[in-house]
Amino acid sequence: MDKFKEAVEPYACKPLKPLPEGRISFEGFLAWCDEDTWAEWVDGEVVLLTPAALKHQRIARFLLFLLGAYAGKFECGEVLPAPFLVRLPQTLRRGREPDILYVGNEKLPLLKETYLDGAPDLIVEITSPESLTRDREEKYVEYEAAGVREYWLIDPDRQQAEFYRLGSNGRYHLHTADDQGDYHAAVLPGFRLQVNWLWREPLPPGIACLAEMGLI
Numbered sequence: 001m002d003k004f005k006e007a008v009e010p011y012a013c014k015p016l017k018p019l020p021e022g023r024i025s026f027e028g029f030l031a032w033c034d035e036d037t038w039a040e041w042v043d044g045e046v047v048l049l050t051p052a053a054l055k056h057q058r059i060a061r062f063l064l065f066l067l068g069a070y071a072g073k074f075e076c077g078e079v080l081p082a083p084f085l086v087r088l089p090q091t092l093r094r095g096r097e098p099d100i101l102y103v104g105n106e107k108l109p110l111l112k113e114t115y116l117d118g119a120p121d122l123i124v125e126i127t128s129p130e131s132l133t134r135d136r137e138e139k140y141v142e143y144e145a146a147g148v149r150e151y152w153l154i155d156p157d158r159q160q161a162e163f164y165r166l167g168s169n170g171r172y173h174l175h176t177a178d179d180q181g182d183y184h185a186a187v188l189p190g191f192r193l194q195v196n197w198l199w200r201e202p203l204p205p206g207i208a209c210l211a212e213m214g215l216i
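With full-length UniProt numbering applied, the sequence shown corresponds to residues 1 to 216, in that order.
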């Protein structure tokens, strides 16, 4: 039995970190959090996030590949996956963990070692039953107020994709795919996503999609 315990000990789950007592500052949250803890900072409180489902992870990986390939080809910025914090403007008192974010070259100086200090140009959130209200209501309002230029809300369960762009009035406006089923991104000129790709099982090869988009 002792040998068995020694063998499995390296693979045992790490105990959950105790939550901070009371409200903490964003700097205190950064000190408390680590790369093994997936959480957000909301008005001084720590909100733990649930693990993502397999479908969620596959779509996130697929979009990360396509967006990353675009950013690399045109050298126009950086694409980052979760976990990487976004500190929204001070008035909002929010530190969020988008599934994917894109930062254009002009905003690259906002990138810190463990977080982005300001609004990215694009945020992608892939919903789950647990996160649907938070992504559709709370984060929608926060990202709009923060000035995130484009917000993609992907719902794998409903096979529904919503693409919001920030208008001149500071409000989000819903944009849809064209007659061919392609969504043309505003912050990534020339990037077009065939929305039905997201619902295929299995997902199509990323290289083939890049070729269809004319990126390779």
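Note that beta-carbon positions come from the ideal geometry of N, C-alpha and C, so glycine has one too. Keep in mind it's a predicted model, so treat the numbers as computed, not measured.
Is residue 242 helix, strand or coil when you go by DSSP? Residue 242 lies beyond the range of the chain shown here (1 to 216); nothing can be said about it.
If we ignore side chains and look at the alpha-carbon of each, how far apart do P20 and A208 end up? The alpha-carbon of P20 is positioned some 47 Å away from that of A208.
Beta strand (DSSP E) segments (min. 3 residues) lying fully within the region 130-209: 150-155, 160-166, 172-175, 182-184, 192-194
CB of F62 within 8 Å of CB of G181, strictly: No Cβ-Cβ contact shorter than 8 Å links F62 with G181.
For Y115 and G104, the rounded distance between their alpha carbons: Rounded to whole angstroms, G104 to Y115 spans 15 Å at the Cα level.
Would E78 and P98 qualify as a contact pair, given that the criterion is a beta-carbon distance under 8 Å? no
Report the residue ranges of all beta strand (DSSP E) runs contained in full by the region 9-54; include only those spanning at least 3 residues, in chain order. 39-42, 45-48
Using a 10 Å radius around the Cβ and a threshold of 16 neighbouring Cβ atoms, would you call P51 buried or exposed? exposed
In this structure, how does DSSP classify E125 when only helix, strand and coil are distinguished? strand
Could you check if R23 is buried or exposed, using at least 16 other CB atoms within 10 Å of its CB as the buried criterion? Exposed, since its Cβ has fewer than 16 Cβ neighbours within 10 Å.
Just to check my reading of the structure: E40 and R96 have Cβ atoms closer than 8 Å, yes? What is that Cβ distance to the nearest angstrom? 5 Å
Extent of the continuous beta strand (DSSP E) run through G104: 100-104
Short of 7 Å in beta carbon distance, which residues of its chain neighbour C76, apart from the five on each side in sequence? Order them along the chain. G104, N105
At the level of alpha carbons, what is the spacing between E201 and I216? Straight-line Cα distance between these residues: approximately 24 Å.
Once you ignore the five residues that flank F26 on each side, which residues in its own chain have a CB closer than 7 Å to its CB? W41, R87, G95
Rounded to the nearest angstrom, how far is the Cβ of P120 from that of V141, given a contact under 8 Å? The pair is not a contact, with the Cβ atoms about 17 Å apart (cut-off 8 Å).
Could you check whether V187 and Y70 sit closer than 8 Å to each other, using their CB atoms as the reference points? Taking 8 Å as the Cβ cut-off, Y70 and V187 do not qualify as a contacting pair.
How about E138: is its C-beta nearer than 8 Å to some C-beta of chain B? Structure shown: chain B not included; a single protein chain is present.
Cβ of L30 within 8 Å of Cβ of L210? no
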